[in-house]
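Residue numbers (numbering that gives the first Met the number 0), protein chains in the order written: chain R, 0 to 235; chain W, 0 to 161. We put the beta carbon where it would ideally sit given N, CA and C, even for glycine. Reviewing the structure listed below.
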Amino acid sequence: MNTGSDDVHVLLGAYVLGGLSDEDHRTYSEHLRTCGPCQAELGQVSGLPRLLDLAGPEGGPHLTDGPAAAPEPLSTEQGDARVTTLLGEVARRRRLRRVWLTALAAAAAVIFFAGGALLGPSLVATSTPTPVASATQAAAHVAVVAVPGSSVRIDVALVKRGWGTQLDIDCEDMPTNGELALWVIDAKGKATTAASWRATAAGYSRVTGATALNPNEIQTLEVRTGTGKVLASART
Amino acid sequence: MPLDDDAVAEIYREHGPMLRRVVWRATSDANRVDDIVQEVILRVWKQAPEAENLRAYLITTARHLIVDQYRAAGRRPQQAQLVDVAEQDSALDRALDQVLVEEALGRLQANHREIVRHLYYERLSIAETSERVGVPEGTVKSRAYYAVRNLRVILDEMGVNR
Chain R
0 MNTGSDDVHV LLGAYVLGGL SDEDHRTYSE HLRTCGPCQA ELGQVSGLPR LLDLAGPEGG
60 PHLTDGPAAA PEPLSTEQGD ARVTTLLGEV ARRRRLRRVW LTALAAAAAV IFFAGGALLG
120 PSLVATSTPT PVASATQAAA HVAVVAVPGS SVRIDVALVK RGWGTQLDID CEDMPTNGEL
180 ALWVIDAKGK ATTAASWRAT AAGYSRVTGA TALNPNEIQT LEVRTGTGKV LASART
Chain W
0 MPLDDDAVAE IYREHGPMLR RVVWRATSDA NRVDDIVQEV ILRVWKQAPE AENLRAYLIT
60 TARHLIVDQY RAAGRRPQQA QLVDVAEQDS ALDRALDQVL VEEALGRLQA NHREIVRHLY
120 YERLSIAETS ERVGVPEGTV KSRAYYAVRN LRVILDEMGV NR
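What follows is the structure, encoded as structure tokens:
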């Protein structure tokens, strides 16, 4: 069916919307029986009439003539005012988030010093925990707080994707040999590896991991060594 | 961070007017439109600023917020006895789909929208439409084809997958 098949397959539009003459209708129906691509295409759009019906007998405000039910127009100043309000709210939430992270950092420090007191002061100089409070970039950045006795600095950005969550991991002052891994733990306590990488001599790496969990399903993030020792953790 | 401000302002400028229309028409509550739109944008900004299909994500988030608020905001007791929750939600879903379909028709190119109106809503034939619009029948057929394809794409972008 080469000749005129371009002409035939555009009939899909009016086949779905209506309006084909009897002859065209017959032609397209026959064509459809043997043409796989047209069958597939029809499958994609065959739900449209049902959706179009939702817009009422006349198709809604955009199809009726005249200004009619056009939604309230928004002046530029109004729009700008709304952006300003929105940004004010962003600033407020950012402050809230910062407070939360600082609190977390303080808690970690308390645990550390309690441990340090038992282990003796000589360890303090070399293993100060330094949680990174850089959680203020575009969305869901989590500073993974070093556990006592570890000096790693890790920042994980959670990026929501259609398939789950992309985890952009930025770490410094890491162990310089062995294997490292990022674990994600869900609300039920189930832990899975989302990334694993080899330590570098510089102690610095940027890697990207992935998990099928959505950002809001991730309860805890942990960075562990190949032997399972937890270097740092964060609750999201 | 200015980065955040820019991102949020950009989401608002690009999608705010569409969200306002959708929320306004779905809730018919002018007082709550701004609050809901603001909340939707802030949530999406926090959770998925780089989502591949931002529009669908915004609309899905708006849908959830509207449903939540609708449930929270006093369903009258006698109503609750008569209509079960699932039924009520599906009615709300239909109402939202209606708004989205209308919005999608508004986004369609004008000469495609015109064809949809004549062929589908006014039940005109190709020949009548050709006469009404003043273009050859072949043009009506090909416009109908592209109108249908584009409408599907626009609806997909809005997360209407039915």
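By the criterion of Cβ-Cβ separation under 9 Å, what are the contact partners of residue i in chain W?
{"i": "T84/R", "result": "D33, Q37"}
{"i": "R152/R", "result": "Within chain W, no residue comes near R152/R; the closest Cβ sits about 19 Å away, beyond 9 Å."}
Drop a sphere of 10 angstroms on the beta-carbon of residue i, count the other beta-carbons inside from all chains shown, and report buried for 16 or more, exposed for fewer.
{"i": "V152/W", "result": "exposed"}
{"i": "D96/W", "result": "buried"}
{"i": "S149/R", "result": "buried"}
{"i": "Q37/W", "result": "buried"}
{"i": "E113/W", "result": "buried"}
{"i": "S141/W", "result": "buried"}
{"i": "R223/R", "result": "buried"}
{"i": "S129/W", "result": "buried"}
{"i": "H117/W", "result": "buried"}
{"i": "P60/R", "result": "buried"}
{"i": "T210/R", "result": "buried"}
{"i": "V98/W", "result": "buried"}
{"i": "H111/W", "result": "buried"}
{"i": "G58/R", "result": "buried"}
{"i": "R62/W", "result": "buried"}
{"i": "W162/R", "result": "exposed"}
{"i": "K189/R", "result": "exposed"}
{"i": "A79/W", "result": "In this predicted model, A79/W has a pLDDT of only 40, less than 50, meaning its place in the structure is not dependable enough to derive any value."}
{"i": "R19/W", "result": "buried"}
{"i": "D6/R", "result": "exposed"}
{"i": "E13/W", "result": "exposed"}
How long is the line joining the alpha carbons of residue i and residue j, rounded to whole angstroms?
{"i": "R131/W", "j": "G42/R", "result": "30 Å"}
{"i": "D23/R", "j": "V115/W", "result": "18 Å"}
{"i": "I17/W", "j": "D52/R", "result": "Looking at the sequence provided, one finds Met at residue 17/W rather than Ile. If you take the alpha carbons of M17/W and D52/R, they lie about 21 Å apart."}
{"i": "R54/W", "j": "G46/R", "result": "21 Å"}
{"i": "G15/W", "j": "L181/R", "result": "37 Å"}
{"i": "A171/W", "j": "G17/R", "result": "The displayed coordinates of chain W run from 0 to 161. Any statement about residue 171/W would go beyond what the structure contains."}
{"i": "E156/W", "j": "R70/W", "result": "27 Å"}
{"i": "E101/W", "j": "L50/R", "result": "10 Å"}
{"i": "R234/R", "j": "L166/R", "result": "14 Å"}
{"i": "C37/R", "j": "L31/R", "result": "6 Å"}
{"i": "I35/W", "j": "T63/R", "result": "28 Å"}
{"i": "A80/R", "j": "T60/W", "result": "23 Å"}
{"i": "L220/R", "j": "S232/R", "result": "5 Å"}
{"i": "L41/W", "j": "R122/W", "result": "43 Å"}
{"i": "T83/R", "j": "A13/R", "result": "47 Å"}
{"i": "G225/R", "j": "V39/W", "result": "41 Å"}
{"i": "P174/R", "j": "G202/R", "result": "6 Å"}
{"i": "E136/W", "j": "Y119/W", "result": "16 Å"}
{"i": "V155/R", "j": "V147/W", "result": "43 Å"}
{"i": "I184/R", "j": "V229/R", "result": "13 Å"}
{"i": "V238/R", "j": "P214/R", "result": "Residue 238/R is absent from the model: chain R starts at 0 and stops at 235."}
{"i": "Y56/W", "j": "T26/W", "result": "19 Å"}
{"i": "A54/R", "j": "V21/W", "result": "13 Å"}
What does residue i touch in chain R if you count any residue whose Cβ is under 8 Å from its own?
{"i": "S141/W", "result": "V9, G12"}
{"i": "Q247/W", "result": "The question about residue 247/W has no answer here: the residues shown for chain W are numbered 0 through 161."}
{"i": "R112/W", "result": "H61, L62"}
{"i": "V100/W", "result": "L50, L51, L53, A54, G59"}
Whose Cβ in chain R lies nearer than 9 Å to the Cβ of residue i?
{"i": "L123/W", "result": "G17, G18"}
{"i": "T26/W", "result": "What T26/W touches in chain R: nothing, since even the nearest Cβ is about 12 Å away."}
{"i": "V159/W", "result": "L50"}
{"i": "L150/W", "result": "V44, L47, L50, L51"}
{"i": "V134/W", "result": "Going along chain R, no residue has its Cβ under 9 Å from V134/W, so there is no contact; the nearest lies around 14 Å."}
{"i": "Y172/W", "result": "No information on residue 172/W is available, as it lies outside the stretch 0 to 161 that chain W covers here."}
{"i": "V115/W", "result": "L16, L51, G58, L62"}
Could you list which residues in chain W have their beta carbon closer than 8 Å to that of residue i, in chain order?
{"i": "E88/R", "result": "Q37, L41"}
{"i": "R234/R", "result": "Those do not exist, as R234/R stays about 16 Å from chain W at its closest Cβ, beyond 8 Å."}
Applying a beta-carbon distance threshold of less than 7 Å, which residues of chain W neighbour residue i?
{"i": "G161/R", "result": "E51"}
List, in chain order, every chain R residue whose beta-carbon is nearer than 7 Å to that of residue i.
{"i": "V7/W", "result": "L85, L86, V89"}
{"i": "L118/W", "result": "A13, L16, G17, G18"}
{"i": "E156/W", "result": "Under the 7 Å cutoff, chain R gives no residues; its nearest Cβ is about 13 Å from E156/W."}
{"i": "L104/W", "result": "A54, G58, G59, H61, L62"}
{"i": "A146/W", "result": "G12"}
{"i": "N128/W", "result": "Reading off the sequence, residue 128/W comes out as Thr, not Asn. Within chain R, the residues near T128/W are G18."}
Residue i versus chain B: which residues are under 7 Å apart at the beta carbon?
{"i": "R93/W", "result": "As a matter of chain content, chain B is missing from the structure shown, whose protein chains are R and W."}
When you check each C-beta in the stretch 44-62 of chain R against every C-beta of chain W, which residues fall closer than 8 Å?
-> V44, G46, L47, P48, R49, L50, L51, L53, A54, G55, P56, E57, G58, G59, P60, H61, L62
In the stretch 137-212 of chain R, which residue ranges form an unbroken alpha helix (DSSP H) of at least 4 residues, counting only runs that do not cross its ends?
-> none
Quick one: which residues of the stretch 10-42 of chain R get their C-beta closer than 7 Å to a C-beta of chain W? List them in chain order.
-> L10, L11, G12, A13, V15, L16, G17, G18, L19, S20
Mind checking the stretch 190-205 of chain R against chain W and listing, in chain order, the residues whose C-beta falls within less than 9 Å of any C-beta there?
-> none
Between the stretch 205-223 of chain R and chain W, which residues of the former have CB atoms less than 9 Å from a CB of the latter, in chain order?
-> N213, P214, N215
In chain order, which continuous runs of the alpha helix (DSSP H) of length 4 or greater are located wholly inside the stretch 10-79 of chain W?
-> 29-46, 53-71
Please specify which runs of the beta strand (DSSP E), each continuous and at least 3 residues long, are wholly inside the stretch 2-29 of chain R, giving them in chain order.
-> none
Taking only runs that begin and end inside the stretch 88-141 of chain W, name each unbroken alpha helix (DSSP H) of 4 or more residues, in chain order.
-> 109-115, 125-132
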